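All the letters of the sequence shown, read from the start, carry residue numbers 12 to 215 under the numbering used here. Glycine included, C-beta positions come from ideal geometry on N, C-alpha and C. None of these values were measured; they are calculated from a predicted model. Let me begin by presenting the structure, written as structure tokens, before commenting on it.
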Amino acid sequence: MAGQAWNDAREALAGVAEVSGKVGTDGLDIFFLNDPRYRFELKDRSAVRSLFDLVMPEGQTPTGKKLEDVLSIYVPKLEDRRLGHKPISIVVITDGVPTDDPKEVIIETARRLDLSGVPLRQLGIQFVQIGDDPGATEALRELDDGLEHMHGIRDIVDTTVFNPNDPLFRTETLIKILMGAVDNALDNSVSSSLPRVDYPQYSR
Numbered sequence: 012m013a014g015q016a017w018n019d020a021r022e023a024l025a026g027v028a029e030v031s032g033k034v035g036t037d038g039l040d041i042f043f044l045n046d047p048r049y050r051f052e053l054k055d056r057s058a059v060r061s062l063f064d065l066v067m068p069e070g071q072t073p074t075g076k077k078l079e080d081v082l083s084i085y086v087p088k089l090e091d092r093r094l095g096h097k098p099i100s101i102v103v104i105t106d107g108v109p110t111d112d113p114k115e116v117i118i119e120t121a122r123r124l125d126l127s128g129v130p131l132r133q134l135g136i137q138f139v140q141i142g143d144d145p146g147a148t149e150a151l152r153e154l155d156d157g158l159e160h161m162h163g164i165r166d167i168v169d170t171t172v173f174n175p176n177d178p179l180f181r182t183e184t185l186i187k188i189l190m191g192a193v194d195n196a197l198d199n200s201v202s203s204s205l206p207r208v209d210y211p212q213y214s215r
């Protein structure tokens with residue numbers, strides 16, 4: 012991801028961070044596919060922009076490996092009943108075809124959650140396409156194409172592919188996706204506020 016797509020992702024996340032800070036959530040945790048930098052609990056635009064300014068968008072799209080790394084941080088928190096952790100939504104913003112397959116990571120995570128007795132809908136992974144690469148569109152559709160039925164696991168994946176009728180990637184786009192992660196009934200509606208949910212995110 013580079014150029015306009017990179018800038019659009021930065022500004023959309025900056026807007027979500029600002030809303031998050033205003034409504035009292037824990038803010039955004041942001042990771043990058045090709046850079047080790049990350050930040051936790053970002054709650055304003057300037058913090059997100061400053062982080063993006065440190066990162067050079069380049070390299071491949073190791074979605075599976077980075078997703079595994081990110082999940083290793085959050086899944087143990089959900090498994091520890093003493094923590095009473097709030098639901099977690101991981102939003103993967105990407106403009107390209109993964110150079111490694113994230114399916115196995117998703118399947119193993121869903122099985123782990125089932126074995127650990129973590130309540131349904133405590134973890135959701137939202138793959139969001141930025142840009143109109145048809146290869147990326149197809150790759151995302153494959154991820155949302157019945158993994159739960161094929162492997163007998165809980166459904167933890169949702170995807171949002173490029174919509175030519177609404178091509179802009181904005182803060183409102185991400186807020187709608189995050190709200191839909193909490194309540195699927197909101198997938199076809201727009202909300203003006205965010206729930207009290209942790210929002211780890213990462214971008215290419």
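In chain order, what residues of the same chain have a beta carbon less than 7 Å from the beta carbon of residue i, not counting five sequence neighbours either side?
{"i": "R60", "result": "R21 and A25"}
{"i": "E220", "result": "Because residue 220 is not part of the residues shown, which for the chain are 12 to 215, the question remains open."}
{"i": "L151", "result": "F138, Q140, T170 and V172"}
{"i": "R165", "result": "A121, L124, D125, L131 and E159"}
{"i": "S200", "result": "Legend: pLDDT at S200 = 35, less than 50; position of this residue unreliable, value from coordinates given subsequently. The answer is none, since no qualifying residue turns up."}
{"i": "I188", "result": "V102, Q137, V139 and T171"}
Using alpha carbons as the reference points, say which of the options lies closest to residue i.
{"i": "P68", "options": "K54, K76 and R48", "result": "R48"}
{"i": "I186", "options": "L39, V66 and L82", "result": "L39"}
{"i": "G70", "options": "V108, D143 and P175", "result": "V108"}
{"i": "D216", "options": "V34, S31 and V81", "result": "Outside the shown range of the chain (12 to 215) lies residue 216, about which nothing can therefore be said."}
{"i": "W17", "options": "F43, K33, G135 and S31", "result": "F43"}
{"i": "D19", "options": "G142, G146 and S31", "result": "G142"}
{"i": "T72", "options": "V116, V86, T110 and D144", "result": "T110"}
{"i": "N174", "options": "L154, D144 and G157", "result": "D144"}
{"i": "I117", "options": "R93, L94, E153 and E149", "result": "E153"}
Can you tell me whether residue i is buried or exposed, with buried defined as 16 or more other CB within 10 angstroms of its CB?
{"i": "D169", "result": "buried"}
{"i": "M161", "result": "exposed"}
{"i": "D177", "result": "exposed"}
{"i": "G14", "result": "exposed"}
{"i": "G128", "result": "exposed"}
{"i": "D91", "result": "exposed"}
{"i": "V27", "result": "buried"}
{"i": "D64", "result": "exposed"}
{"i": "V34", "result": "exposed"}
{"i": "G146", "result": "exposed"}
To which residues of the same chain is residue i closer than 6 Å at the C-beta, ignoring the five residues directly before and after it?
{"i": "P113", "result": "T74, G75 and L78"}
{"i": "A23", "result": "F180, R181, T182 and L185"}
Name, in chain order, the residues that DSSP records as bridge partners for residue i.
{"i": "S100", "result": "G135"}
{"i": "Y49", "result": "F42"}
{"i": "T171", "result": "V139"}
{"i": "T105", "result": "Q140"}
Within a Cβ cutoff of 8 Å, which residues of the same chain sit near residue i, ignoring the five residues on either side of it in sequence?
{"i": "Q133", "result": "L89, H96, P98, I99 and L124"}
{"i": "L62", "result": "I41, R48, R50 and L53"}
Hey, does residue i have any beta-carbon neighbour from chain D nearer than 8 Å?
{"i": "D125", "result": "No chain D appears in this structure, which consists of one protein chain only."}
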